[in-house]
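Quick note on my numbering: the sequence shown kicks off at 34 and runs consecutively. Here the structure is laid out as structure tokens; the discussion comes afterwards.
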Amino acid sequence: MPELPDATQSQQMSEDEALEFAQQVFDVARNGDADMLGRLLEKGLTPNLRNHKGDSLLMLASYHGHLEAVRVLLQYQADPDSRNDNGQTPIAGAAFKGNLPMIELLLEHGADVEGKSPDGRTALMLAAMFNRTEIVDFLIARGADPDAQDFNGVTPLGAAQKMGAADTTVQLAKRG
Numbered sequence: 034m035p036e037l038p039d040a041t042q043s044q045q046m047s048e049d050e051a052l053e054f055a056q057q058v059f060d061v062a063r064n065g066d067a068d069m070l071g072r073l074l075e076k077g078l079t080p081n082l083r084n085h086k087g088d089s090l091l092m093l094a095s096y097h098g099h100l101e102a103v104r105v106l107l108q109y110q111a112d113p114d115s116r117n118d119n120g121q122t123p124i125a126g127a128a129f130k131g132n133l134p135m136i137e138l139l140l141e142h143g144a145d146v147e148g149k150s151p152d153g154r155t156a157l158m159l160a161a162m163f164n165r166t167e168i169v170d171f172l173i174a175r176g177a178d179p180d181a182q183d184f185n186g187v188t189p190l191g192a193a194q195k196m197g198a199a200d201t202t203v204q205l206a207k208r209g
């Protein structure tokens, strides 16, 4: 398990040691070790640390479904709308994965319900594409725009239709 170095140690840490430490920290988030994250954050680890792909600790923990780790990161002010280098947000990742409790937690801590990527695709579109009916209902109830369009003019209904997501196609078509 990684141990956050004190100021004297960090001045003496080689670049290779720093990279190894950072990799261990990202693994802690990816594996959902909430206790270790809490200890590291308590000692001064930045909650918005990002890896070489721009994935924050919160993005990794949320994508892998670790509610308690995400809760700890949010308690230490991790940005619930942090975007990786592809412009993806934690809420969009949770919609893709079908993780409603994660979406609820992220929204409780201020995440943008749309979770728009640079191409205009929203969390609702991702939920619709992957036939996540419960998440579609939840996101719309929380203010997601069922008529939003990505940069190609595709709506959540159009995304569901393109992906052959039968349940969300019917669900969104009923909305008008």
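Here a beta-carbon is modelled for each residue, glycine too, at the ideal position from N, C-alpha and C.
Could you spell out the range, first to last residue, of the alpha helix (DSSP H) harbouring residue i?
i	result
Ser150	No alpha helix (DSSP H) holds Ser150; DSSP gives it neither H nor E.
Thr201	Ala199 to Lys207
Asn64	Glu48 to Asn64
Gln194	Pro189 to Met196
Gly176	From DSSP, Gly176 is part of no alpha helix (DSSP H); its letter is neither H nor E.
Arg72	Ala67 to Glu75
Leu159	Ala156 to Met162
Pull up the CB-CB distance for residue i and residue j, whole angstroms please, since I reckon it's below 8 Å.
i	j	result
Leu90	Phe54	About 13 Å; that fails the 8 Å criterion.
Leu157	Ile173	7 Å
Leu190	Ile168	With a Cβ gap of about 15 Å, Leu190 and Ile168 do not count as contacting.
Glu141	Ala177	Incorrect: roughly 15 Å between the Cβ atoms, too far for contact.
Phe129	Asp152	The pair is not a contact, with the Cβ atoms about 14 Å apart (cut-off 8 Å).
Gly126	Ser95	6 Å
Leu70	Leu106	6 Å
Excluding sequence positions up to five away, which residues of its chain have a Cβ less than 6 Å from the Cβ of residue i?
i	result
Asn164	Ala198, Asp200 and Thr201
Met196	Met162
Arg154	Asp183
Gly120	Ser150 and Pro151
Ala192	Met158, Ala161 and Met162
Within a Cβ cutoff of 7 Å, which residues of the same chain sit near residue i, ignoring the five residues on either side of it in sequence?
i	result
Leu138	Leu100, Val103 and Arg104
Thr166	Asp200, Thr201 and Gln204
Gly131	Phe163, Arg165 and Ile168
Asp180	Thr188
His97	Arg63 and Gly65
Glu48	none
Gly143	Pro113
Lys86	Asn117 and Asp118
Arg175	Leu140 and Val146
Can you list, in chain order, the residues of its chain with a C-beta nearer than 8 Å to that of residue i? Leave out the 5 residues immediately preceding and following it.
i	result
Leu93	Phe59, Ala62, Arg63 and Asn84
Gln194	Thr202
Phe171	Leu133, Ile136 and Glu137
Between the segment 101-117 and the segment 67-80, do at least 3 Cβ pairs fall closer than 8 Å?
yes
Mind pulling the beta strand (DSSP E) runs of 3 or more residues that sit fully within the segment 97-154?
Within the segment 97-154, no complete beta strand (DSSP E) run reaches 3 residues.
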